[in-house]
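Chains as they are written, first to last, in my numbering: chain A, 1 to 187; chain B, 188 to 472.
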């Protein structure tokens, strides 16, 4: 029988395509691990009780709330954060700290990487207001488009039902998801 | 925050052994959407987190002997995506569409939803109208608990301290139509103010049998058996559905809380019941 683990335990998991090993406490929250241990600051802590969606990440391709999941229980699994979805990005743990000012109007983040079509569409459609919900919104939208590349408005609304935008910019967010879908279908 | 231990059982025997040894101190972690809130808000300060989220023995959705059997660690999303559920009980799939939101559905489980004995667990009215059974296991064996006996009081279920829910069994109905309606404060993510599930077996508009269950209107999710008896045998029409539905207010004991007043909950219960019955009959969609 496996021993009951009282102190820290070593786990290995994949974060944004890179294998990572670290020691975690039994009650360490996945979101805190991502933010504090890997400096992946894109995912946000909002309500803490599973109602706002600001902490949304992909777990094995499914959108989940990283503040509702223990780091220890995703050992061996695959996490994708907002920092990991831009194309050709270095996937480094510091990718998320690039200042917004480095954005090029054409949508290039950095010579090393290109924005994901969802990220570019959010900028173009003015779907970012205060920005706090944006990483979670984009992750939920990505989970949708990965399964359903051509969603209608109702399907988009359903997919982002767990993500709150308190600037209430939902109309532009839905437009952005539609526009990104169109762009991705053409590619 | 330092008093937690973690254990991931490799098989059912390990799970039952640790549950038997630690009893209530073993906190089962499947989706964790409730448990993690308790840890963060500090209402749960210690215990051994027993991670059953990926335990193969608690997975699987299958048809067996006329029952739909759902493993306790199956997520809501996997139940909704299951071809067996779609074929044998589309009512369950459709009803789960209003359960929380996609982010929660991706991790949470039916067993976890009912295990806390919450009167607003959205799956409780569904399981009640479907005459489901909860299979509990301990080191001494297994037993099937009829859902009618499962909820005991607010926060308390029939599951003993050394037991674990391993399967939800739902008899596959041969006839009838179901409808689940829920009123929350908003569409996404919100807890139910009132929820109503109906399973109706009708001949035209004549009621052969009906089962009605409600959440959010009593300390327990409950079957409205008196109202069911009033409906039985009636030929339903535009007028008497609403009148019969109003009778449900006599057998519920709603409370006033942040999500709504008692009088409001009563009125909403009757309205939702009326709507659910009408939808079962195809009178509105």
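We put the beta carbon where it would ideally sit given N, CA and C, even for glycine.
Just so it is clear, the structure is predicted and the values come from calculations on it, not from any experiment.
| query | result |
| --- | --- |
| Cut-off 8 Å between Cβ atoms - residues of its own chain near residue 138 of chain A, not counting five sequence neighbours on either side | 82, 85, 116, 118, 119 and 122 |
| Outcome for residue 165 of chain A when other beta-carbon atoms lying within 10 angstroms are tallied against a minimum of 16 | buried |
| Run of the beta strand (DSSP E) containing residue 183 of chain A, from where it starts to where it stops | Note, residue 183 of chain A: premise wrong, no beta strand (DSSP E); alpha helix (DSSP H) at 170-186. |
| Beta-carbon proximity list for residue 35 of chain A, same chain, < 8 Å, skipping 5 on both sides | 41, 43 and 45 |
| Run of the alpha helix (DSSP H) containing residue 226 of chain B, from where it starts to where it stops | 222-228 |
| Burial state of residue 412 of chain B, where buried means 16 or more other Cβ atoms lie within 10 Å | exposed |
| Assigned secondary structure, residue 285 of chain B (DSSP; H/G/I helix, E/B strand, else coil) | coil |
| Residue range of the beta strand (DSSP E) that includes residue 192 of chain B | 190-194 |
| Beta strand (DSSP E) segment containing residue 296 of chain B, residue limits | Careful: residue 296 of chain B lies outside any beta strand (DSSP E) and carries neither H nor E. |
| contact_flag[the region 260-267 of chain B, the region 227-246 of chain B] where n(CB pairs < 8 Å) is 3 or more | yes |
| Range covered by the alpha helix (DSSP H) that runs through residue 427 of chain B | 427-433 |
| 8 Å Cβ cut-off: residues of chain A touching residue 224 of chain B | 48, 49, 50 and 68 |
| Coil, strand or helix - residue 310 of chain B by DSSP | helix |
| Near-chain A residues of the region 190-207 of chain B - C-beta to any C-beta below 7 Å | 191, 192, 193, 194, 195, 197 and 201 |
| Partner residues on chain A for residue 219 of chain B, Cβ-Cβ distance less than 9 Å | 68, 69, 70 and 73 |
| For residue 45 of chain A, the three-state DSSP class (helix, strand or coil) | coil |
| Complete runs of the beta strand (DSSP E) confined to the region 367-411 of chain B [at least 3 residues] | 379-390 and 393-402 |
| Helix, strand or coil at residue 272 of chain B [DSSP, three-state] | helix |
| The region 296-311 of chain B touching the region 165-181 of chain A, judged by at least three CB pairs closer than 8 Å | no |
| Residue 306 of chain B vs residue 457 of chain B beta-carbon contact at 8 Å | no |
| Whole-Å CB distance - residue 294 of chain B paired with residue 69 of chain A, under 8 Å assumed | 7 Å |
| Any C-beta of chain B under 8 Å from that of residue 64 of chain A | yes |
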